[in-house]
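In this note's numbering, the protein residues as written are 8 to 268.
A quick write-up on the structure given underneath.
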């Protein structure tokens with residue numbers, strides 16, 4: 008949820024790590040040349056929360072997600088992961104990305120590798136796990152997502168929904184603190200969307216911290232704790248998911264929902 012700047016006397020004297028937000032963003036700007044894509048975003052996500060980002064294409068949702076995973080360096084502002092500043096100088100980008108799982112619109116699987124090899128790649132090259140240990144972790148995640156029979160197949164032999172579930176297993180195998188989903192169902196045929204959304208529902212129910220860019224308003228209403236509506240690079244409205252979607256306060260969100268529902 009958007010952060011509130013408290014007067015000094017209202018701030019707790021100390022905060023243990025478990026009480027810190029999973030993700031906090033303050034004053035985040037992102038520019039490409041003279042084009043300002045993010046314009047001072049303040050956001051806070053608590054541990055175990057599912058937050059859905061909605062808004063028109065070009066409103067800054069995906070750019071915000073890519074900044075959270077350091078795929079895009081912010082122009083200015085701060086991002087903290089579990090209290091750790093990840094936008095400072097000298098940060099270990101690979102170490103940060105190992106703490107933040109990301110699932111993209113397109114699956115980004117290696118076509119020459121089978122499913123197990125795709126899931127173990129980061130475990131072996133980033134976590135430096137031996138082959139047997141990495142495969143044990145991979146098979147655990149594949150079993151969790153009902154993909155065990157497909158373990159030795161290559162991505163080209165799988166449906167789009169199966170490939171996306173493999174991408175989710177790959178992210179989960181790194182045991183991330185936060186999962187980011189960037190329109191994870193938008194490239195799928197309609198009949199395949201449900202399987203991926205069911206996986207995301209299960210993750211939310213398990214207490215995984217999730218930030219989800221989505222056009223699936225029904226999913227956001229059902230699963231999200233918080234909905235953030237972005238417009239022109241800013242957070243235009245934010246609140247509890249059902250209340251916000253059923254009773255939008257701003258005209259911009261009212262107009263957006265009228266077009267997509």
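Where a beta carbon is used, it is the ideal one built from N, C-alpha and C, also for glycine.
- Residue burial annotation: residue 198 is exposed, with fewer than 16 other C-beta atoms found within 10 angstroms of its C-beta.
- When the five nearest sequence neighbours on each side are left out, the beta carbons in the same chain lying within less than 8 Å of the beta carbon of residue 129 are those of 105, 177, 180, 181, in order along the chain.
- In summary, residue 266 is exposed, with fewer than 16 beta-carbon neighbours lying within 10 Å of its beta-carbon over all protein chains present.
- Excluding five sequence positions before and after residue 163, the CB atoms of its chain that fall closer than 7 Å to its own CB belong to 118, given in chain order.
- DSSP places residue 175 within a helical segment (H, G or I) once states are collapsed to three.
- In this structure, residue 246 lies away from residue 230, with their beta-carbon atoms at least 9 Å apart.
- Taken through DSSP and simplified to helix, strand or coil, residue 93 comes out as coil.
- In the assembly as shown, residue 155 is an exposed residue. Its beta-carbon has fewer than 16 other beta-carbons within 10 Å.
- Per DSSP, residue 248 is not a residue of any beta strand (DSSP E); the alpha helix (DSSP H) it occupies stretches across 248–253.
- Annotation for residue 200: 168, 192, 223 place their beta carbon closer than 8 Å to its own, counting only its chain and skipping 5 residues before and after.
- Taking every protein chain shown into account, the CB of residue 225 has fewer than 16 other CB atoms within 10 angstroms, so this residue is exposed.
- Distance between residue 144 and residue 210, taken at the CA atoms: about 17 Å.
- Look at residue 120 here: in three-state DSSP terms it is coil, with no helix or strand label.
- A direct Cα-Cα distance of roughly 28 Å separates residue 175 from residue 251.
- The three-state secondary structure of residue 87, taken from DSSP, is strand.
- Nearest neighbour of residue 243 by Cα position, chosen from 66, 153, 100, turns out to be 66.
- DSSP places residue 146 in the uninterrupted alpha helix (DSSP H) bounded by 138–151.
- Residue 198: member of the alpha helix (DSSP H) spanning 197–212, first to last residue.
- In this structure, DSSP gives residue 190 a state outside helix and strand, which the three-state scheme calls coil.
- Judged by DSSP in its simplified three-state form, residue 216 adopts strand.
- The way I'd put it, the segment 56–75 does touch the segment 211–220; three or more beta-carbon pairs between them come closer than 8 Å.
- Per DSSP, the unbroken beta strand (DSSP E) holding residue 108 starts and ends at 107–110.
- Looking from the CA of residue 190, the closest CA among 55, 237, 61, 51 belongs to 61.
- The three-state reading of DSSP puts residue 241 in strand, counting E and B together.
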